[in-house]
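In this note's numbering, the protein residues as written are 6 to 326.
This is the structure we're talking about:
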């Protein structure tokens, strides 16, 4: 490992980008790595490009592209033998790349992602939603895929699988991870060192809109013949969830309140089961209640996203709250 390219796609992220680039630079210097900072910019109008240049980044002007295409352009423009993809709102710890070097030196994995958490000032729903990931990944684990909020891998693996699928509006990170795994790469999630995620949702509208956007690629995968049962488990669960809602509504219309109440109550079961998958929620009842509500809402949003995708309606990523 000689040189790492740190690729940070951005669109109007001036309020957060400086923190991200400074932390990435410190981590590279702490690890003793040659590095390059590359910022593929999607048409920012808030000074993000000028800020990135002042902090030593190379800015690529890439208006109108989706997130997968932005990351691919950054990788293509880089010269590092390793690639690190960051969201523009991630504050990486100083030992981030030292950890990556150790993972490769010990041959523990070919791809690395670290857990991230929201800062204390984030709303409860944003903090709880990230705590669900902490509950799932509270120890080192090899996973099927890792989010590209922070992701390290060698260029050879990235090129072997053809990079990100630029046809996908969202879910491109899951798609990349599954293809890397199929090619033989090991994807390691570590709970520490912890990353601070400053891109938390500032409003309910932003949280719901972001979930709608995240789920919007499922119908695309279905249409392109790349939707395995594993990938479609959650959308199918969401469709069943909406079917129970429809039964509850039908029961009310037919004057059968008991049947309606039963269908409505049954509709909460998937959310409860999704919450109870997280081991430590069983000892934290308030967090369990919060996550159950969030899972219930997410199932509704996923059903809407699946329907929108089937009729070729795009869900846009919401503006910052």
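Just so it is clear, CB atoms sit at the ideal spot from N, CA and C, and this is done for glycine as well.
Since the model is a prediction, treat every value here as computed from it, not as a measurement.
_Which of the three DSSP states is assigned to residue 44 in this structure?_
strand
*Report the residue from 275, 274 and 250 whose alpha carbon sits nearest the alpha carbon of residue 328.*
No answer is possible for residue 328: the residues shown for the chain start at 6 and end at 326.
*Between the C-alpha atoms of residue 58 and residue 129, what's the straight-line distance to the nearest angstrom?*
Take the alpha-carbon of residue 58 and the one of residue 129: they are about 35 Å apart.
*For residue 66, which beta-bridge partners are listed by DSSP?*
46
_Cβ-Cβ distance between residue 239 and residue 310 below 8 Å_ = no
*Just how far apart, CA to CA, sit residue 197 and residue 105?*
12 Å
*Along the alpha helix (DSSP H) that carries residue 53, what are the first and last residues, could you check?*
53-59
_Assuming residue 89 is part of the beta strand (DSSP E), what are its boundary residues?_
87-91
*Taking only runs that begin and end inside the segment 92-157, name each unbroken beta strand (DSSP E) of 3 or more residues, in chain order.*
116-122 and 146-148
*Give the straight-line distance between the Cα atoms of residue 164 and residue 183, rounded to the nearest whole angstrom.*
15 Å
*Return the chain-ordered list of same chain residues with a C-beta closer than 8 Å to the C-beta of residue 188, the five sequence neighbours on each side being excluded.*
162, 165 and 166
_At least three beta-carbon pairs within less than 8 Å, the segment 94-101 to the segment 171-178_ = The segment 94-101 is not in contact with the segment 171-178.
_Beta carbon of residue 85 nearer than 8 Å to that of residue 56_ = no
*Verify whether the separation of the beta carbon atoms of residue 64 and residue 46 is less than 8 Å.*
yes
*Proximity to residue 49 [Cα-Cα], best of 74, 19 and 72*: Comparing alpha carbon positions, the residue from 74, 19 and 72 closest to residue 49 is 19.
*So which of 296, 43, 90 and 246 has the shortest CA-CA distance to residue 268?*
246
*Span of the beta strand (DSSP E), counted from its first residue to its last, around residue 30*: Segment 19-35 is the alpha helix (DSSP H) holding residue 30; no beta strand (DSSP E) there.
*Can the beta-carbon of residue 80 be found closer than 8 Å to that of residue 41?*
no
*Assuming residue 133 and residue 296 form a contact by the criterion Cβ under 8 Å, report the distance between their Cβ atoms to the nearest whole angstrom.*
6 Å
*Name the one or two DSSP bridge partners that residue 330 has.*
Absent from the model: residue 330. The displayed extent of the chain is 6 to 326, so no value can be given.
*What residues in its chain sit with their C-beta under 7 Å from that of residue 243, if we drop five residues either side in the sequence?*
304, 307, 308 and 311.
*Just grab the DSSP bridge partners of residue 195 for me.*
Beta-bridge pairing links residue 195 to 119.
*asked:* Could you tell me the alpha carbon to alpha carbon distance between residue 118 and residue 270, rounded to whole angstroms?
replied: 37 Å
_Reduced DSSP secondary structure (H/G/I, E/B, other) of residue 298_ = helix
*Of the choices 279, 146, 30 and 168, whose alpha-carbon is the least far from that of residue 108?*
146
*Is residue 8 helix, strand or coil when you go by DSSP?*
In this structure, residue 8 counts as strand in the three-state DSSP scheme.
*Same chain, Cβ closer than 7 Å to residue 31, five either side skipped, listed in chain order*: 99
*Relative to the alpha-carbon of residue 76, which residue among 157, 36, 200 and 168 has its alpha-carbon at the smallest distance?*
168
*asked:* According to DSSP, is residue 206 part of a helix, a strand, or is it coil?
replied: coil
_Coarse secondary structure for residue 216, derived from DSSP in three states_ = helix
_Quick check on residue 127: buried or exposed, where buried means 16 or more other Cβ atoms within 10 Å of its Cβ?_
Taking all protein chains shown into account, residue 127 has 16 or more neighbouring C-beta atoms within 10 Å of its C-beta and is therefore buried.
*residue 151 versus residue 298: straight-line alpha-carbon distance, rounded*: Distance between the alpha carbons of residue 151 and residue 298: 25 Å.
_Rounded to the nearest angstrom, what separates residue 38 and residue 8 at their Cα positions?_
6 Å
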